[in-house]
Every structure is written in C-alpha cells, then in structure tokens.
Amino acid sequence: PLFSLLVSIFLIAVKIIIAYLTNSLGVYSEVLNNGLDLVLVLITYIAIRASIKPADKDHTYGHGKYENFSALVELTIISLLFFFIIYKSIQRIIYKNFELNLVWYAYLVLALSIALNIIRVFFLNYAAKKYSSVAFRSNFINYTGDILSSAIVLTGLIFAKFGIYIADPIASMIVAVILIIFTLRFSFRIIRNLLDYIPAQVTENISNVLNGFSEIKKINNVKIHEVGNIKFINIGLELDSNLHLSQVEKIKDDIRSSIISKYPGSDIIIETRLALSENAITDRVKEIILNIPHVKDIHNIYIYNIDKYIDISVHIELTENVTLSDAEIITKSAENKLKELIAELRRIYIHIEDKKNEEIYDDITDSSENFIEDVKNLISHHINPDTCHNFTVLRKNELFNLSFHCRLDRRLNIKKAHSIITEIEDDIKGNFKGINEIAIHVEPE
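Read left to right, the sequence shown gives residues 9 to 453 (this note's numbering).
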C-alpha cells in the first residue's frame with residue numbers, strides 16, 4: 009500500500025501539470041483516474057487492517073466482510089468515473105472541441121505511468137493470489153486498467169500529433185468502456201460474496217470427501233460460510249452405531265485433514281451422532297409415545313427401511329375419555345417429537361384405539377394335572393416330555409391359555425428350534441378344544 013500511495017501521489021502531480029499544458033481530455037481522465045487510485049489505496053489499506061482483526065463478540069466470523077464491502081465501494085467509484093469520462097468524450101466530439109497543445113514530455117509522463125503501473129500490477133497480482141484478497145484483486149483490475157488507459161491515451165496523442173485530433177476523445181471512451189466491463193464483472197463476484205454465495209462445486213467437493221468414509225451412514229447437512237479468504241464449514245453426520253468415541257474423533261480429524269488439503273485455512277465444525285439401529289428406534293418410539301399424557305399402551309411397531317429413510321407404523325391405546333380432537337393433538341405431538349429425534353424418519357403412521365379392559369383369568373394349574381399329562385404324551389414324538397416343566401394353565405370362561413418351558417439340543421439353530429415349537433403348538437391346538445394362546449419358552453439342554 010505504501011508503494012502504491014507514493015506512486016499515485018507522484019502521478020497525480022505530474023499529470024495535473026501535463027493535462028493543464030496539453031488540454032488533452034485523455035490526460036485529464038488520467039488525472040482523475042490517478043486521483044481515484046489515491047482514494048482506493050487508502051480504502052484498501054483501511055479495509056485490510058479491519059479484515060485481519062480477530063473475531064469478537066460483534067463479529068463472530070471475523071471482519072473479512074469489510075474487505076468485500078471496501079472493494080465494492082472502490083468499483084462503484086471507478087464505474088462512476090468512467091461514465092463521466094464517456095460523457096465528456098461525447099461532448100468534445102459533438103462540439104468538435106479538439107484544441108490540444110502537444111508537448112514532448114506529455115508522452116514521457118504517460119510512458120513513465122505505464123512502467124510504474126506495470127510494477128504495481130505485478131506485486132498486486134502476487135498479493136491477491138497469496139492472500140485470496142478481493143481488495144487486492146480489485147486494485148489489480150484498477151491498475152491493469154490504468155496501464156491500458158495510459159497506452160490508449162498515449163496512442164490517441166500520437167494520432168493527434170499527426171492531425172487526427174478526434175483520436176483523443178475516442179481513446180478515452182474506449183478505455184472507459186473496457187474498464188466498465190471489467191468492473192461490472194468483478195462487482196458481480198463481490199456482491200455474490202456479500203450474499204453468502206458459495207459455488208456448487210465447493211459443496212460437491214466436500215460431499216465427495218465425506219462419501220469416501222464408509223463409517224458415515226448419512227450426511228445431514230453441509231453448510232459453508234465464506235468470510236474473506238476463510239471458509240467456515242459446518243457438517244452434520246450420522247456414523248455407524250458400533251463406533252467407539254476414540255474412533256469417532258479419529259474420523260472427524262481425518263475429515264478435517266482431507267477438507268483442509270483442498271481448502272487451506274478452513275474453519276471446520278463437525279457434529280456427529282450415531283445412527284440408530286432398528287431396536288434402538290423401537291425403544292425411542294416407546295419412550296416418547298408412552299410419556300405422552302393419555303397414552304396407556306403401545307404395540308405393533310413396524311419399521312420400514314426406504315432408501316436412506318424410514319417409515320414407522322405403530323398402534324397406540326388411549327384412555328376412553330379422549331375425543332378424536334384430543335387424539336389428533338396427541339398423534340401430532342408424537343410425530344413431531346419423533347421427527348426431531350430420528351433424522352431419517354420420513355413418515356409415521358399412528359393407529360389409535362381405546363385402552364383394552366384388563367382381562368381376568370383363573371389360574372387352574374393345580375387342578376389340571378391330567379390335562380398337563382395328556383399334553384406331554386401328545387408332544388412326546390416332537391420332544392422329550394421329561395424336559396418340559398413350569399406348566400401354567402389359565403382359564404377365562406371356556407378359553408384356556410397354556411404356557412410351559414422345555415429344553416432342546418443346544419446345538420440346534422434358531423430356525424430348527426422355532427420349527428419344532430410351532431409343530432408342538434399346532435398339535436396342541438388341533439387336539440384340545442378351547443386353547444386360546446400357547447407360550448412355550450425354549451431352553452438349551
């Protein structure tokens with residue numbers, strides 16, 4: 009900034025003299041341009057000083073937006089100046105006011121201006137790339153325009169030297185139009201930064217990094233906020249439920265390293281939670297719904313996996329005094345609470361019914377010795393009846409519920425054991441009338 013400041017002061021001083029002596033509109037536009045350079049150097053210096061301040065209570069993401077704002081102010085001033093130059097050039101062409109006083113040192117000053125600006129552009133381009141600074145980039149565009157404008161004005165004066173005086177205002181307009189186009193393009197980019205625009209490619213690149221980790225079951229969100237040259241990245245993930253805390257921290261560190269290798273200097277926050285297993289989801293459903301007033305029981309919980317989402321179907325029993333309107337409030341409450349807790353929940357279907365009256369049975373086990381003995385004889389071709397024990401016989405009216413324990417070979421797989429128990433249940437129901445329910449608890453021998 010100090011070098012640019014000294015160069016701008018020097019060029020303003022000598023060009024004011026040359027413009028007065030030559031009466032060249034092109035040189036006058038150069039004076040205005042260098043006067044603007046002086047203002048822009050000061051604005052850039054102030055903006056850079058402000059943007060490097062650390063984050064505080066009022067600016068939790070830092071002060072990088074000051075740089076974007078200052079660059080936008082600079083470019084707005086540049087655009088207004090060039091429109092003024094176009095206006096003056098058209099005016100001079102219309103009124104044919106081409107009076108010029110060409111002196112040799114006017115050419116020397118313009119050539120010197122080009123040389124000094126080439127040096128400035130070289131260092132500004134280096135700084136803009138190194139620090140990813142939009143303020144340095146806007147100054148780079150401005151001084152590149154200065155080189156072009158000085159070259160065109162110099163060309164116009166050379167034509168004027170040979171009597172083609174209209175070349176001076178035409179040269180000024182060409183410079184103005186070219187630089188207005190550059191200014192508008194860069195202004196559009198700065199406005200996008202101020203509006204928190206992030207190229208879709210950046211989000212896709214980060215998502216591709218995350219997709220490379222097999223432990224990630226679901227990406228809940230990727231949010232990116234850019235301030236100056238720093239990207240603030242917030243990521244929400246669901247990880248495999250079998251991971252330990254140390255493994256989760258290792259995965260988070262690996263994710264950060266992978267992203268920073270692509271976008272150095274990024275500030276990354278990763279929020280993780282373990283993906284719920286089906287049993288865990290069932291427990292959550294019970295916990296939430298059974299804690300809602302007027303809900304007395306819950307059953308028939310079904311979980312349907314659909315792509316990366318799940319649907320849940322559940323039956324709930326409510327107290328008898330609940331109206332349909334109350335039931336709607338209860339089901340909505342359950343639905344909202346479940347969706348807050350289970351991120352992948354797509355839909356939930358809640359079937360409501362009234363609380364069943366508790367059924368009262370008589371325990372007739374002690375008087376059912378003959379019946380129990382008949383059952384043992386019946387199932388003897390399926391299982392050793394001596395392994396059957398803990399019989400319980402319950403009666404309600406003319407219906408009976410039977411339950412008992414039995415032992416099977418511990419080497420049997422679950423499928424075979426279930427098949428044997430099912431055959432026993434079918435035989436008992438087929439040979440004894442009034443059997444309502446049978447519960448057989450299997451134990452290994």
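Yeah, the Cβ is synthetic: ideal placement off N, Cα and C, and Gly gets one too.
I think I232 touches I206, with their Cβ atoms under 8 Å apart; what is that distance to the nearest whole Å?
-> With a Cβ gap of about 5 Å, I232 and I206 count as contacting.
Residues that V303 bridges to, as DSSP identifies them = DSSP lists L326 as partners of V303.
Coarse secondary structure for I314, derived from DSSP in three states = I314 sits in a strand when the DSSP states are folded into three classes.
I188 beta carbon less than 7 Å from that of A79 = Going by C-beta atoms, A79 is not nearer than 7 Å to I188.
Does DSSP classify H252 as helix, strand or coil?
-> Look at H252 here: in three-state DSSP terms it is coil, with no helix or strand label.
How big is the Cα-Cα spacing for H7 and V322?
-> Residue 7 cannot be examined here, being either before or after the span of the chain that is shown, 9 to 453.
Could you give the C-beta distance for V117 and I26, rounded to a whole number, given that I count them as a contact under 8 Å?
-> Indeed, because the Cβ distance is near 5 Å, the residues count as touching under 8 Å.
Which residue comes first and which comes last in the alpha helix (DSSP H) that contains D275?
-> Per DSSP, D275 belongs to no alpha helix (DSSP H); it is in the beta strand (DSSP E), 275-282.
Just curious, the alpha helix (DSSP H) that P177 is in, first and last residue?
-> Residues 175-202.
Take the Cβ of A175 as the centre, count every other Cβ of all protein chains shown within 10 Å, and call the residue buried at 16 or more, exposed below.
-> Counting Cβ neighbours within 10 Å, A175 comes out buried, since at least 16 surround it.
According to DSSP, is G244 helix, strand or coil?
-> Reduced to three states, the DSSP call for G244 is strand.
Between L349 and I296, what straight-line distance do the alpha-carbon atoms span, to the nearest angstrom?
-> Near 10 Å, if we compare the C-alpha coordinates of I296 and L349.
For the alpha helix (DSSP H) that contains S222, what are its first and last residues?
-> Premise fails: S222 is in no alpha helix (DSSP H) and is neither H nor E.
Pick out whichever of I429, F167, E246, V230 has its Cα sitting closest to the Cα of H413.
-> Considering only alpha carbons, the answer is I429.
Assuming L132 and F144 make a contact with CB atoms under 8 Å, what is their CB distance in whole Å?
-> Sure, about 6 Å apart at Cβ, within 8 Å.
Taking the DSSP output, what are the residues bridged to N229?
-> Paired residues: G244.
Can you grab the Cα-Cα spacing for the pair L29 / K239, in whole Å?
-> Going by the C-alpha atoms only, they are around 52 Å apart.
T339 lies in the alpha helix (DSSP H); which residues open and close that run?
-> From DSSP, the alpha helix (DSSP H) with T339 extends over 332-349.
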